[in-house]
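Asks: Quick mapping for you: the protein sequence lines, in order, are chains P and F.
Residue numbers for the first sequence follow my numbering, so the first one is 1 and each next one is one higher.
Residue numbers for the second sequence follow my numbering, so the first one is 1 and each next one is one higher.
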Amino acid sequence: MSSKSFVEIIDIHKSYGKLVVLEGVNFDVRKGEFIVILGPSGEGKTTLLNIIAGVIRPDKGKVIIDGQVVDDSSNIYIPPERRDVGYVFQNYALYPHMTAFDNIAFPLKMKKLPRDEIEQRVEKIAKLLKIDHVLHHKPSQLSGGQQQRVAVARAIVKEPKLLLMDEPFSNIDPALRASVRLELRLLLKSLGITSIMATHDQEEAMTLADRLLILRRGKPIQIGSPMEVYEKPSDKFVAEFVGGMNILELKSEYSSLLREYRVEGEDVSVKFMGFRPESVIISNEGLEAEVLDAEYKGDKWTIIAQIRSGEIIRFYNKDPVNTKSTVYIKPTKIYLFSSEGKTVKILTINK
Amino acid sequence: MASLINVFLIVVLLTVLVPLGVLVMISLLPPGEWSIPPKSPTLDNFVYVFKEFRFYRNMLNTFLFIGLAILISLVLALPTAYAIARLQIKYYVWVFTVVLVILVKSLPPGSLLVPVYELLWKLRLTNTVLGVALSYQVYTLPFVIWILTSFLLDLPREVETAARIDGAGRFARLRHIIFPLSIPGIISAVILGFLNLWNEYMYSSVIVSSRNLQTAAVVLGQLVTSEYVYDWGILASANIISVLPAIFFVSFVQKNISKAITGGIKG
Ligand SMILES: Nc1ncnc2c1ncn2[C@@H]1O[C@H](COP(=O)(O)OP(=O)(O)O)[C@@H](O)[C@H]1O
Ligand SMILES: [Mg+2]
Numbered sequence: 001m002s003s004k005s006f007v008e009i010i011d012i013h014k015s016y017g018k019l020v021v022l023e024g025v026n027f028d029v030r031k032g033e034f035i036v037i038l039g040p041s042g043e044g045k046t047t048l049l050n051i052i053a054g055v056i057r058p059d060k061g062k063v064i065i066d067g068q069v070v071d072d073s074s075n076i077y078i079p080p081e082r083r084d085v086g087y088v089f090q091n092y093a094l095y096p097h098m099t100a101f102d103n104i105a106f107p108l109k110m111k112k113l114p115r116d117e118i119e120q121r122v123e124k125i126a127k128l129l130k131i132d133h134v135l136h137h138k139p140s141q142l143s144g145g146q147q148q149r150v151a152v153a154r155a156i157v158k159e160p161k162l163l164l165m166d167e168p169f170s171n172i173d174p175a176l177r178a179s180v181r182l183e184l185r186l187l188l189k190s191l192g193i194t195s196i197m198a199t200h201d202q203e204e205a206m207t208l209a210d211r212l213l214i215l216r217r218g219k220p221i222q223i224g225s226p227m228e229v230y231e232k233p234s235d236k237f238v239a240e241f242v243g244g245m246n247i248l249e250l251k252s253e254y255s256s257l258l259r260e261y262r263v264e265g266e267d268v269s270v271k272f273m274g275f276r277p278e279s280v281i282i283s284n285e286g287l288e289a290e291v292l293d294a295e296y297k298g299d300k301w302t303i304i305a306q307i308r309s310g311e312i313i314r315f316y317n318k319d320p321v322n323t324k325s326t327v328y329i330k331p332t333k334i335y336l337f338s339s340e341g342k343t344v345k346i347l348t349i350n351k
Numbered sequence: 001m002a003s004l005i006n007v008f009l010i011v012v013l014l015t016v017l018v019p020l021g022v023l024v025m026i027s028l029l030p031p032g033e034w035s036i037p038p039k040s041p042t043l044d045n046f047v048y049v050f051k052e053f054r055f056y057r058n059m060l061n062t063f064l065f066i067g068l069a070i071l072i073s074l075v076l077a078l079p080t081a082y083a084i085a086r087l088q089i090k091y092y093v094w095v096f097t098v099v100l101v102i103l104v105k106s107l108p109p110g111s112l113l114v115p116v117y118e119l120l121w122k123l124r125l126t127n128t129v130l131g132v133a134l135s136y137q138v139y140t141l142p143f144v145i146w147i148l149t150s151f152l153l154d155l156p157r158e159v160e161t162a163a164r165i166d167g168a169g170r171f172a173r174l175r176h177i178i179f180p181l182s183i184p185g186i187i188s189a190v191i192l193g194f195l196n197l198w199n200e201y202m203y204s205s206v207i208v209s210s211r212n213l214q215t216a217a218v219v220l221g222q223l224v225t226s227e228y229v230y231d232w233g234i235l236a237s238a239n240i241i242s243v244l245p246a247i248f249f250v251s252f253v254q255k256n257i258s259k260a261i262t263g264g265i266k267g
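Printed below as a string of structure tokens:
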């Protein structure tokens, strides 16, 4: 691990009975970095956050925060109350019997800070998060968005070493999500808080993360910046999950198309071909497809079409295309995957 | 259908109201008069029960015993209920507990009286407030644990986890999170405890022998076999006085009672 890493997660394993949830998770987080753990539901994101927080213990592996081993899965175990992390729970888990003020003040009270300093800090953080007008309300009297802000405020008011967030936007009105997301990212960046967030929403992950960690079958299958993950997905799953990619099983009928990319048919390790909807141009040669539907997207249209082998593909076009008409399409960039789904080659042609 | 239910309710109400009404009328009879309704009603019986009899002392005793008993139960039950609700308990411990509870509950209630008395006697606690309160644990402890457990089971674990993250140790969590969130359960326990024990006779009559520590229920029971047995006015007014706190209590906290009962059923 580099000397710059602030949090180190080393070979974490966790099973519940026979169910293997995490199977060798390794990654590190630099100071001030925003890491997003991305994966479908049930892949162990919450479990991983809970292990980092100390709420549950790993079967194997090590967690290091700021140079201190907080769990080595045997003798060393620092409980959550002494780890100095903040945690925004998926359902916020606010204290129902306390006002918003007392919720936010609670971590400071536990640190036995003087009353006036607590007041100052709570009010400051409440102003930053624009909840200073609802501080005397109980959680049940707050809107979903306000509850989320109280949860965030409670998590960061003590200026923790590390902030953990579990799907913090899932209970927010979708119409507000984008702006709430941006505000939170700007706030965390301005405060320089090191954060790890879990989500199943790839768009959210792409817009927020400095680096993405994609969790699949108990392992991180790719770690990298949103651009790296988008441009160079490590495998078919990532390619489909992040940014959406059309994936076709390679058959001889595509060989004419592939020849243009100088892919030889006898490359036996290649089993799948993929291309992104935004890399497609309609041409007078290439892949033949029958248009099924066109969806208006404001600046473009999403065309849904069926190719001759029966598979459905999606691509974008500036103009609508008549349904039932036949088009020939050509991706400007294609991805080739092995039979296990690993990315083998990425090829581009000029338009 | 609705009218049938109404008829039923009216009948039920009458079976309560008629005896109570007769009791009130008897309590207003002057000594030596036997007519219902009384021809010259008087409050002398009440004055006598209060002044000469000092019945309020006995009621105060009842109050004191039950109050202390519930307090002891709460102190013991809150950590117990917390453990039941939170810890992963091995199935055979559950089986053992359930069997034990069924065994104990299928005993006639008085069968614990002798061992409890013997224990208190050895501890020199017979004839003391603490002794009675301890013996009442036979009644109060199980249901207080039961009510509090059902409340704690409803409390989301994540709220407590959040408190850990916020730096609260075990004791701080119990004090700042678990206890305040259990207050509705505690109120239910207090209400049901008073209602259950107000008429308790067996334990308090055996464990206390001195006159000024006897409970209202015990005194009422003894009246029947005393020289007052022919003085119906006295008997009736003492009974009415002893019922008053319960009526006051119930009407005052009616909402909480229904909450307590549904809370209990949920568990
Ligand atoms: N306490 C537990 N006991 C048994 N299985 C659990 C427990 N917690 C989580 N799991 C299982 O572990 C898997 C991963 O869960 P989780 O970490 O919550 O996933 P995610 O947050 O990615 O949706 C799921 O299949 C879930 O059912
Ligand atoms: Mg989760």
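For every residue, glycine included, the Cβ atom is placed at its ideal position computed from N, Cα and C.
1. Please classify arginine 83 of chain P: does DSSP put it in a helix, a strand, or coil?
2. Can you find a CB in chain F that lies within less than 9 Å of the CB of alanine 352 of chain P?
3. Keeping to the same chain, check which residues put their C-beta closer than 8 Å to that of arginine 217 of chain P; ignore five residues upstream and five downstream.
4. Which residue wins for smallest C-alpha separation from proline 362 of chain P, given the options P:Arg308, P:Gly145 and P:Ala153?
5. Listed from N- to C-terminal order along the chain, which residues in the stretch 83-100 of chain P have their beta-carbon within a distance smaller than 9 Å of any beta-carbon of chain F?
6. Counting pairs of beta carbons, one from the stretch 227-235 of chain P and one from the stretch 333-342 of chain P, are three or more of them closer than 8 Å?
7. Who are the Cβ neighbours of valine 22 of chain F in its own chain at under 8 Å, not counting the five residues just before and after it?
8. Is there a C-beta anywhere in chain F that falls below 9 Å from the one on valine 63 of chain P?
9. In chain order, what are the residues with a CB under 5 Å from some non-hydrogen atom of ligand 1?
10. Beta carbons nearer than 8 Å to chain P: which residues of the stretch 187-204 of chain F have them?
11. Return helix, strand or coil for tyrosine 136 of chain F, following the three-state DSSP convention.
12. Which parts of the stretch 38-103 of chain F are runs of the alpha helix (DSSP H), unbroken and 4 residues or longer, counting only runs that do not cross its ends?
13. Quick one: is phenylalanine 355 of chain P buried, meaning 16 or more other Cβ sit within 10 Å of its Cβ, or exposed?
14. Taking the Cβ atom as the reference point for each residue, do isoleucine 329 of chain P and valine 270 of chain P lie within a distance shorter than 9 Å?
15. So is alanine 126 of chain P in contact with chain F if we call contact Cβ pairs under 9 Å?
16. So does the stretch 118-130 of chain P actually touch the stretch 83-98 of chain P, counting three or more Cβ pairs closer than 8 Å?
17. Just the chain F side, please: which residues come within less than 9 Å of lysine 189 of chain P by C-beta, in chain order?
18. Please state whether DSSP places asparagine 26 of chain P in a helix, a strand or coil.
19. From threonine 348 of chain P to glycine 298 of chain P, what does the alpha carbon distance come to, in whole angstroms?
20. Isoleucine 312 of chain P: which of P:Pro277, P:Lys300, P:Asp84 and P:Leu191 sits nearest, CA to CA?
21. Cβ of serine 15 of chain P less than 9 Å from any chain F Cβ?
22. State yes or no: is the C-beta of glutamate 23 of chain P nearer than 8 Å to some heavy atom of ligand 2?
23. Comparing the CB of glutamate 167 of chain P with every heavy atom of ligand 2, is any distance shorter than 8 Å?
24. Just by C-beta distance, which residues in the stretch 39-60 of chain P are closer than 7 Å to chain F?
25. Let me make sure I understand the geometry here. Which of F:Pro19, F:Leu78 and F:Gln137 has the alpha-carbon closest to that of isoleucine 178 of chain F?
26. Measuring from the CB of alanine 162 of chain F, is there a heavy atom of ligand 2 at a distance below 8 Å?
27. Span of the alpha helix (DSSP H) holding glutamate 203 of chain P?
28. Can you list, in chain order, the residues of its chain with a C-beta nearer than 7 Å to that of glutamine 147 of chain P? Leave out the 5 residues immediately preceding and following it.
Replies: Checking against the coordinates, here is how it stands:
1. coil
2. There is simply no residue 352 of chain P to check, as chain P begins at 1 and stops at 351 in what is shown.
3. Glu23 and Glu43
4. There is no way to answer for residue 362 of chain P, as the model of chain P reaches only from 1 to 351.
5. Arg83, Asp84, Val85, Gly86, Tyr87, Phe89, Gln90, Asn91, Tyr92, Ala93, Leu94, Tyr95, Pro96, His97 and Met98
6. By the Cβ criterion, the stretch 227-235 of chain P is in contact with the stretch 333-342 of chain P, since at least three pairs of Cβ atoms, one from each stretch, lie closer than 8 Å.
7. Ile36
8. Judged by the 9 Å Cβ criterion, valine 63 of chain P is not in contact with chain F.
9. P:Tyr16, P:Val21, P:Ser41, P:Gly42, P:Glu43, P:Gly44, P:Lys45, P:Thr46 and P:Thr47
10. none
11. If DSSP states are grouped into helix, strand and coil, tyrosine 136 of chain F belongs with coil.
12. 44-51 and 55-86
13. Outside the modelled stretch of chain P, which goes from 1 to 351, sits residue 355 of chain P, for which no answer is possible.
14. no
15. no
16. The stretch 118-130 of chain P, when compared against the stretch 83-98 of chain P, does not touch it at the 8 Å Cβ threshold.
17. What lysine 189 of chain P touches in chain F: nothing, since even the nearest Cβ is about 22 Å away.
18. Look at asparagine 26 of chain P here: in three-state DSSP terms it is strand.
19. 28 Å
20. P:Pro277
21. no
22. Outside the cutoff, so no.
23. yes
24. Ala53 and Val55
25. F:Leu78
26. no
27. 202-208
28. Cβ within range, chain order: Tyr92, Leu94 and Pro139.
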